[in-house]
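Numbering (the working numbering), first residue to last: 21 to 590.
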């Protein structure tokens with residue numbers, strides 16, 4: 021393994037924010053298992069090593085090999101690595117090692133025994149689940165309890181878990197802030213704070229919440245910050261809350277671009293009416309495994325998934341309009357190989373950790389180069405190869421020009437592509453004669469309905485129990501391109517009996533009958549009063565409102581006005 025130890029100032033792209041780390045460690049290797057090293061060589065606890073070995077994880081990746089010695093010694097770390105390089109265990113193993121379990125010495129001496137000792141903050145729900153699962157895998161034989169705290173689920177089970185006692189909490193900022201302010205989450209024991217995907221939390225507007233949480237922890241603590249990019253506000257936060265951090269950067273000497281070298285990238289200019297046909301053919305290419313299709317909006321995600329299912333593909337959608345139970349159902353079906361096509365909005369871009377995703381398709385042109393990196397990073401993980409296909413509409417050509425220039429992709433003018441284009445078949449190794457529907461003999465997967473839909477007692481959705489505000493859920497919906505994503509759509513409902521007698525606004529109303537020509541107004545008023553009294557004897561009859569009429573400044577009685585009106589018509 022080749023490492024370069026140097027000393028360089030970390031500066032953002034604008035040059036306005038900078039931090040001087042104690043040391044900079046740079047790796048020039050691609051993500052792969054280092055055969056000559058084991059986790060035991062880094063003085064990792066034996067029970068953690070055994071837990072990893074049971075899961076088939078025996079050798080560290082370069083980012084892990086660089087991070088473990090520094091993190092286990094208690095130093096602060098700024099980790100800069102691309103998605104899919106294996107950084108989760110790089111911070112997860114030190115967290116598991118540093119906490120005191122119920123049977124460990126020093127547990128009773130904690131300020132609040134049972135309160136979390138390590139806090140892992142991530143931007144999205146899906147990433148929280150993925151990180152927690154990785155930590156659970158590494159702690160099978162370790163007496164450390166892990167709680168996952170995020171929005172969209174009922175508050176009560178999460179509060180119960182905190183009250184029973186946990187050592188590590190993995191959560192999203194919104195729900196963590198809610199429970200912290202409600203005094204259910206105590207941060208007095210926290211000796212380690214980990215911020216994963218800090219640049220994404222900046223994009224989502226979570227940094228103020230993150231700073232509130234960090235401010236609630238003890239002043240003496242270890243802080244680990246991981247981010248693919250280092251914008252100014254992230255560097256400023258690192259300078260404010262970290263002490264002489266070590267900067268660790270995982271690089272690849274052959275990877276000159278910002279995207280990983282293991283990902284083959286194809287850019288096509290496609291017509292919106294033909295995209296589904298093109299996708300249906302790409303999904304039948306030779307060697308295709310699990311595939312993720314990213315869309316801009318929730319509506320597009322639902323529509324594309326529905327059309328693919330209609331064409332015979334095992335597809336599922338995940339977006340902000342779905343309840344958390346349905347989102348987790350789709351992810352489980354994807355991981356358990358019951359569906360092999362996942363249509364998702366950006367809400368899922370950072371939370372899907374499946375090593376064998378072979379294809380990523382951007383159904384529309386992305387907003388900027390950062391989103392492009394995060395989406396494309398879902399494939400080519402853990403040293404595997406991957407293919408990323410991006411569709412660019414004619415109207416998006418100027419935007420794509422900026423993205424292409426920023427990433428150095430050398431594709432300023434994407435080739436015009438249709439479902440019948442010969443180069444589409446040759447580029448993606450699609451068998452000749454392939455049509456837009458999957459043959460029946462190839463429809464072998466069970467589909468999303470084969471996965472159990474859990475009742476999570478969801479908040480912020482239709483028929484959900486109200487347990488408080490779902491802060492991070494609303495932001496997920498905002499990112500999905502919809503204004504109504506985080507609000508329940510159920511209308512107001514009352515008792516069945518009372519709804520019949522109530523009109524708009526909930527007030528009792530009886531339709532007035534217009535008096536016919538020649539019928540006296542007082543008689544109509546009296547009839548209306550009698551009708552109301554008969555229908556609802558318990559309520560006092562409404563008094564008839566009289567109207568004062570004036571003509572030439574003088575008061576005119578009702579009978580006189582009627583007579584004058586009649587003579588005028590005659």
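We put the CB at the ideal spot given by N, CA and C, even for glycine.
Identify which residue in the options has its Cα closest to the Cα of residue i.
i	options	result
residue 59	89, 37, 174, 36	89
residue 237	132, 223, 448	132
residue 431	387, 467, 288, 323	288
residue 208	316, 268, 241	241
residue 361	326, 130, 261	326
residue 138	405, 94, 161, 24	94
residue 141	134, 135, 149	149
residue 460	120, 329, 219	329
residue 144	446, 77, 216	216
residue 341	171, 318, 323, 355	318
residue 31	81, 256, 120	256
residue 152	127, 116, 128, 120	116
residue 171	403, 182, 178, 195	195
residue 220	38, 381, 119, 252	252
residue 203	223, 182, 189	182
residue 398	154, 107, 283, 297	283
residue 201	155, 187, 454, 235	235
residue 301	47, 120, 127, 455	455
residue 413	433, 136, 404	433
residue 243	175, 265, 424, 366	265
residue 307	450, 110, 61, 175	450
residue 296	64, 457, 29, 123	457
residue 465	357, 476, 447	357
residue 305	73, 161, 447, 66	447
residue 37	259, 416, 87	259
residue 312	346, 366, 332	366
Grab the span of the beta strand (DSSP E) containing residue i for me, first residue to last.
i	result
residue 284	283-290
residue 394	From DSSP, residue 394 is part of no beta strand (DSSP E) but of the alpha helix (DSSP H) over 389-396.
residue 435	435-437
Among all the DSSP beta bridges, which residues are the ones paired with residue i?
i	result
residue 214	140, 244
residue 336	362
residue 310	377
residue 111	For residue 111, which the question treats as bridged, DSSP gives no partner whatsoever.
residue 614	With the chain covering 21 to 590 only, the question about residue 614 has no answer from this structure.
residue 411	288
residue 43	266
residue 98	245, 267
residue 153	None; residue 153 has no bridge partner.
residue 24	46
residue 382	314, 410
residue 31	38
Going by the beta-carbon positions, is the gap between residue i and residue j smaller than 8 Å?
i	j	result
residue 411	residue 364	no
residue 349	residue 147	no
residue 270	residue 470	no
residue 468	residue 359	yes
residue 43	residue 25	yes
residue 390	residue 249	yes
residue 13	residue 383	The question about residue 13 has no answer, for the chain in this structure spans 21 to 590.
residue 392	residue 422	no
residue 157	residue 75	yes
residue 114	residue 130	no
residue 85	residue 107	no
residue 380	residue 406	yes
residue 135	residue 126	no
residue 218	residue 247	yes
residue 339	residue 98	no
Could you spell out where the alpha helix (DSSP H) holding residue i opens and where it closes?
i	result
residue 341	Element bounds for residue 341: n/a, residue is neither H nor E.
residue 424	417-427
residue 443	442-447
residue 73	66-74
residue 92	82-92
residue 177	175-184
residue 260	252-261
residue 228	227-235
residue 296	295-302
Say whether chain D places a C-beta atom closer than 8 Å to the C-beta of residue i.
i	result
residue 178	Although the question refers to chain D, the structure presented lacks it and comprises just one protein chain.
For the ligand SAM, is there any heavy atom lying closer than 7 Å to the beta carbon of residue i?
i	result
residue 136	Ligands are entirely absent from the displayed structure, and the ligand SAM is therefore not among its contents.
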